[in-house]
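Protein chains: 2
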Amino acid sequence: MRNHRPCALLAHADRGARKFSFWTVSHVFQTSLTHDETMMTDTSPLALPFPDMPAIDGVTLRVARAGYKDWGRCDLTYAELAEGTAVAGVFTQNVCCSSEVELGREQARLGKARALVVNAGNSNAFTGYRGREAVEQIMAQVASHLHCEPSEVFVSSTGVIGVPLPRDKAQAGVAAALDAAPCGWQDAAETIGTTDTFAKGAMATAVVDGSTITLCGIIKGSGMIAPDMATMLGYVFTDAAVEPAFLQECLSSANVATFSCITVDSDTSTSDTVLAFATGKAGNAPLASFDSPGADAFAAALADVCRQLAHLVVRDGEGASKFIEVRVSGAVSDESARRIGLAIANSPLVKTAIAGEDANWGRVVMAVGKAGEPADRDRLSIGFGGVWAARDGLPLADYDEAPVAQHLKGKEIGVEVDIGLGEGAATVWTCDLTHGYISINADYRS
Amino acid sequence: MRNHRPCALLAHADRGARKFSFWTVSHVFQTSLTHDETMMTDTSPLALPFPDMPAIDGVTLRVARAGYKDWGRCDLTYAELAEGTAVAGVFTQNVCCSSEVELGREQARLGKARALVVNAGNSNAFTGYRGREAVEQIMAQVASHLHCEPSEVFVSSTGVIGVPLPRDKAQAGVAAALDAAPCGWQDAAETIGTTDTFAKGAMATAVVDGSTITLCGIIKGSGMIAPDMATMLGYVFTDAAVEPAFLQECLSSANVATFSCITVDSDTSTSDTVLAFATGKAGNAPLASFDSPGADAFAAALADVCRQLAHLVVRDGEGASKFIEVRVSGAVSDESARRIGLAIANSPLVKTAIAGEDANWGRVVMAVGKAGEPADRDRLSIGFGGVWAARDGLPLADYDEAPVAQHLKGKEIGVEVDIGLGEGAATVWTCDLTHGYISINADYRS
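If you read the protein sequences in the order shown, they are chains X and E.
Residues 1 to 446 in my numbering are what the first sequence lists, from first letter to last.
Residues 1001 to 1446 in my numbering are what the second sequence lists, from first letter to last.
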C-alpha cells in the first residue's frame, strides 16, 4: 500500500466498510497487505496488486469525505483536468438510468472536460428530479470554482438505488475535496469503490508522433455487472492530445471488445459509465483520425488499458474463485460468437460447474443451444484449457479427463467452443458462481 | 404415499437417489412423508402433496427398471394409449436439442399416438447418430408390440448430457415395462423424475358437450429451467375427444401463459417437452375448434392443469425456499410485460434479495431497466405483497416497510410492477436463489 493517504479509513459495521477493511487495517498499522492473513479474508482470491502508475500531466486527483454513508472513509473523488482536455464516454443501456448517466451522455457529446466528481455510497438512481438537482448543484459548484461551464464537470455516483444524493453532504464534500492535498491513483481507485474488495488500476504507454504518451485508468465494480454496454464506473486519463470525436471512436471501439465482453451476474447497473479524458499535455500533434501519425498506437494502448480494467472487475466479481475466459470460434459472425460466449458466461449451471471444478461440457452445449444464435449440434466442439472433450457433436472416444481436471483446479480457466459454421470469433470473460455470491447478495440489506 | 409400487426404490449414493430418498424410505417403512423429519431433509420446503388423481380411460401406465444409472429405482415409464388417441406437443427451442425432441416434433405434427416411453437418468442429448438409433430402436420395439406405426410411439429422455442411451438397457427396460402390472399416476410421476425432490401431478375436469372429461398431468423438472418454450418433461392425459390440430392449438396457447412464464435459473434444457394426449373415451363429440360445444371449458381445464404443473416445477426449483409471483402491469404489450417479468425473475440480484427477505426494490428497478423493453423510470411503481414501495419513479414518502418485511418472511412472495405506459400485463413465476442452488450444482459431477 502507498503511504500518502489524505483521510483516515476507519472500520465500520456496514457492507462497504467491511469489504474495505483491508485498506483500513493496513493504514492504521502500516503493515503489508499481503502479509496479514486477517486482512485478506474478504479480498478476492483473484486480486492483483495495484500497479505503479505515474502522474498524468494535466490531471490532479483529490479525495474527501462526504459521509454519504456512516463509514468513516473517503467517498468523494475529484479529478481536476487541464484546460483543453477532450472527453469521450460510454454509458449503460439500462433505461432506468441515473441522472448522472443522462447528463453525462449529453456532456460527453460536447467533448470538453475540466473536472470529474465521483460519489461512492449512493448511486442517486431512481430519485427523480431531486436526484438531478443534486447533480446539477455539484456541477455548478465546481464550475464556479474553476470558472468553466457546468457541462465541463462530469459527475458519477455509485451505491444504493432510490435515495436522493444528500445535497448538503455533497456540497461539503466537494468543498473539502477542492481544499484537499493532491493524492495518487490508488487513493482515487479506493475512494470510488463500494463493494470492491481491492483497488483496480491499469496503465499503458505508446509513442505517438514522436511523443511518449501515457494512459492511466481506474475502475470500480464487483456485482451488478453485465455486458452489452459500458459497465461499472471506469475512468481513463491520458496526456495525449486527441480530438474528442476520435477519442470517442477509439473508446467505443475498445468498449466492444472489453467492457462489453465481461459479465459477473448478467445484471446491468443503472449507473455504469466509462469516461476517457485526454489532457493534451504530451505534446503530440492532436490525433483526429486513424490517418494521424500514431493514432493506431494510441488506439491499441487505450484498448489495452480497457481490457486490463475489464479483467480487474471480473477478478473482483462477487464471490469469484476462478477467472474464466470463454473463447468462441467458428460462429457465423463475431457478434454471434460474442452472444454465444455471453450465454455460456451467464449460465448459472456452467458457472457453478466450474466452481465445482467439474468439466461438465454438457452444460456448455446447453448454453450454446439457448443463445438464440446459429449453431449445429453435430458440428459443435467443446474444450477446457486447450483439451477437447467433444468434437463435431460427439464426446471424444479417447478423451483424457486427467489434464482437464488438473486445469479446472486452477484459478484461470479456459473454455473453448468451436461452432463449426463460419469464421466469427469472440472472447468473453466471467467468474464462477459460488456460495460467496449468495452470501454477499442475500445478506446485504438495502 | 400410495401403496401399490411395482418396483422397490432403494437408496443409493448418487445424486438422483439422494433426492429420491424420501420416497425410498417411505416405501420401506410405509410411514407418512409429512411426519418424518429425516425424510424431509432433501424435499423442497415448497413441495405440495401429490393429488388424488383418477385413472383416465384409454391410458395404462407401467414402470420398470432399465438401470440407466446404478440407482436401484424404476427409471423407465411406459404409457399405453387407446387407438385413436390424439396428440399435441410443445418442445424446447434450444438448437442443440436431443434426438427425442427432433423426432417428437415431427411425430406430433402427425397427431396420432399409441404410446409414450420416458427414460430417466440419461438425456441422450448431444449423442449424434448413436443417440438417434437408440430412440428409433425403442419406437420400433413398442410399435411391434402394439402393431402400430413407430411414429405413434413418443420417446423422451432426461438426465446427463453426452452419453448415448445404452440400447441394451433400453431394450430390456421396455420389455420389462410391457410385462409389468399397471401402476398409478404417482408411480409414473416418481419414475420420470431425476433431481426432483417430490412427485408432481395435477388434474382438472370440465363438462364438454354433456360429458364430464378429466385431465391428469405429470411433470418433472427442477434445474435447467427457463422460459420461452415448453420446458421440462410434462405430460397431460385426457379422456376427451379432441382433434389433433385443436389439441395443439389449446396446448400452444396454454403454454404461452404457463410453461413459458416460469424460470428457475434461466438455463434452457436441450430435451424439454410437453405432450398432451386425448384418448377420446369420454364420449363427447370430438372438439375441432372453439366453435365446438364445450371447447372453451376444455381449453380452460387444459390451461389450468398446465399452470398447476408449471408451478410445481418452480416449487421444486433447485435450492428454492420461496415461490415468487411477479405481476407486471402497464407495459406497452402483454409480451413486453412477460419479458420484463422474466428479466426480474431471472435477475440473480433480485432472487438473492428475496432469499435474504430484503425488500430491495432498487434491484427490481435495475431488472426492469435491463429488460430491453419500453419503460420510463419516472412512471415506474414497485410493490411487494400488495404494498407499494415506490410510485411514479420515487420512493414513497410514507412507505411502511413493516408489512412488507412480514410478507417477505413467508414462502409465497408477490412482486408487483406497474410500468405506467400501457395496458400490457403478464404474470411470471420463479423461486429464490439460495446456497442450495450452489450446493446442488457445484457439487454435482457429470
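From the three backbone atoms N, C-alpha and C, an ideal C-beta is built for every residue, glycine too.
Everything numeric in this text was worked out from a predicted model, so none of it was measured.
query: Using a Cβ-Cβ distance cut-off of 8 Å, determine whether X/Arg377 contacts chain E.; result: yes
query: Drop a sphere of 10 angstroms on the beta-carbon of E/Asp1052, count the other beta-carbons inside from all chains shown, and report buried for 16 or more, exposed for fewer.; result: exposed
query: Report yes if the C-beta distance between X/Phe246 and X/Ser211 is below 8 Å; otherwise report no.; result: no
query: Looking only at its own chain, which residues have a Cβ that is under 6 Å from the Cβ of X/Asn3, when we skip the five neighbours before and after it?; result: Per-residue confidence for X/Asn3 stands at a pLDDT of 33, beneath the threshold of 50, marking its modelled position as unreliable; no derived number is given.
query: By the 10 Å Cβ neighbour count, where 16 or more other Cβ atoms means buried, how is X/Glu68 classified, buried or exposed?; result: Correcting the residue type first, residue 68 of chain X is Tyr in the shown sequence and not Glu. Counting Cβ neighbours within 10 Å, X/Tyr68 comes out buried, since at least 16 surround it.
query: Is X/Ser144 buried or exposed, if buried means 16 or more other CB atoms sit within 10 Å of its CB?; result: exposed
query: Per DSSP, what are the beta-bridge partners of X/Tyr78 in this structure?; result: X/Arg62, X/Val117
query: If you count every other CB in all the chains shown that lies within 10 Å of the CB of E/Lys1409, and 16 or more means buried, which is it?; result: exposed
query: Rounded to whole angstroms, what is the Cα-Cα separation between X/Cys97 and X/Cys431?; result: 25 Å
query: Hey, quick one: how far does the beta strand (DSSP E) through X/Ala215 stretch, first residue to last?; result: Here residue 215 of chain X is Leu; the residue named in the question, Ala, does not match the sequence. Here the beta strand (DSSP E) through X/Leu215 covers 211 to 220.
query: What is the residue span of the alpha helix (DSSP H) that X/Ala426 lies within?; result: Per DSSP, X/Ala426 belongs to no alpha helix (DSSP H); it is in the beta strand (DSSP E), 424 to 431.
query: According to the Cβ coordinates, are X/Val313 and X/Ile440 closer than 8 Å?; result: no
query: Report the rounded CA-to-CA distance for X/Ala202 versus X/Asp272, giving the unit in angstroms.; result: 19 Å
query: In the DSSP assignment, what residue or residues form a beta bridge with E/Ala1088?; result: E/Ala1276
query: I need the straight-line Cα distance from X/Thr231 to E/Asn1124, nearest angstrom please.; result: Legend: pLDDT at X/Thr231 = 40, less than 50; position of this residue unreliable, no value from coordinates given.
query: When DSSP labels each residue in this structure, what does X/Phe246 get in the three-state scheme?; result: helix
query: Counting Cβ pairs closer than 8 Å, one from the stretch 1386 to 1397 of chain E and one from the stretch 106 to 120 of chain X, do we hit at least three?; result: no
query: Taking Cβ positions only, does E/Pro1054 come closer than 8 Å to chain X?; result: no
query: Of the residues that make up the stretch 117 to 138 of chain X, which ones have a beta carbon closer than 9 Å to any beta carbon in chain E?; result: Ser123, Ala125, Phe126, Thr127, Gly128, Tyr129, Arg130
query: Starting from X/Val160, find everything on chain E with Cβ-Cβ shorter than 8 Å and list it in chain order.; result: Gly1362
query: Could you name the residues that DSSP lists as bridge partners for X/Cys183?; result: X/Leu61
query: Drop a sphere of 10 angstroms on the beta-carbon of X/Trp429, count the other beta-carbons inside from all chains shown, and report buried for 16 or more, exposed for fewer.; result: buried
query: Determine the DSSP secondary structure at X/Arg391, reduced to helix, strand or coil.; result: strand
query: For E/Leu1233, which residues does DSSP report across the bridge?; result: E/Lys1220, E/Thr1273
query: Taking the straight line between their C-alpha atoms, what separation do you get for E/Thr1092 and E/Tyr1399?; result: 43 Å
query: Would you mind sorting E/Asp1443 into buried or exposed? The rule is 16 or more other CB atoms within 10 Å of its CB.; result: exposed
query: Within the same chain, show all residues whose beta-carbon is closer than 6 Å to that of E/Ala1303, passing over the 5 residues directly before and after it, in chain order.; result: Ala1254
query: Does DSSP classify X/Leu302 as helix, strand or coil?; result: helix
query: Just the chain X side, please: which residues come within less than 8 Å of E/Ala1175 by C-beta, in chain order?; result: Correct list: empty, because the minimum Cβ distance to chain X is about 28 Å.
query: Once you ignore the five residues that flank X/Gly317 on each side, which residues in its own chain have a CB closer than 6 Å to its CB?; result: Val264, Cys431
query: DSSP state of E/Phe1126, grouped into three classes?; result: coil
query: E/Leu1233 and E/Thr1279 look like a contact to me (Cβ under 8 Å); what is the Cβ gap, rounded to whole Å?; result: About 20 Å separates the two Cβ atoms, so there is no contact after all.
query: Name the residue from E/Leu1046, E/Leu1048, E/Asn1360, E/Ile1056 whose alpha carbon lies nearest to the alpha carbon of E/Gly1283.; result: E/Ile1056
query: Determine the direct distance from the alpha carbon of E/Ile1262 to that of E/His1311, and round the result to whole angstroms.; result: 8 Å
query: DSSP has E/Arg1327 in a bridge; who is on the other side?; result: E/Glu1416, E/Thr1427
query: Just checking, does the stretch 1168 to 1179 of chain E make contact with the stretch 1070 to 1090 of chain E on the three C-beta pairs under 8 Å criterion?; result: yes
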